[in-house]
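Numbering (our numbering), first residue to last: 551 to 655.
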């Protein structure tokens, strides 16, 4: 691993990042902020995959492969979400969650 840093410290930092993302997802009212919170959650899980894989199986790369897949899915999700947000902004001139109720019907 990294000299001087234990797996517990890395997992603590990634857990904090994950829960910051969850808190941001639950409390934010802006669609861009919610998207950033989702990305923070995904990045924390990517770091967990790599760290746990490196700790359990130092010679294998399955955690890295899963991480690359998650990063690719996150990039596609971000592109799609940003395009939807841009389209919403063009229609209703706002990116607030409460203003998106117009899409219900």
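By construction, the Cβ of each residue, glycine as well, lies at the ideal position given by its N, Cα and C atoms. Please read these numbers as outputs of a predicted model, since none were measured by experiment.
- Use the C-beta contact count for residue 633: other C-beta atoms within 10 angstroms, 16 or more gives buried, fewer gives exposed. exposed
- Task: Along the alpha helix (DSSP H) that carries residue 604, what are the first and last residues, could you check?
- Result: 581-606
- N-terminal and C-terminal residue of the alpha helix (DSSP H) that residue 645 is part of: Per DSSP, residue 645 belongs to no alpha helix (DSSP H) and is neither H nor E.
- Measure the C-alpha to C-alpha separation of residue 623 and residue 554 and round it to an integer number of angstroms. When rounded, the distance between both Cα atoms is 33 Å.
- Under a Cβ-count criterion, where at least 16 other Cβ atoms within 10 Å of its own Cβ denotes burial, should residue 594 be classed as buried or exposed? buried
- Keeping to the same chain, check which residues put their C-beta closer than 7 Å to that of residue 638; ignore five residues upstream and five downstream. 645 and 650
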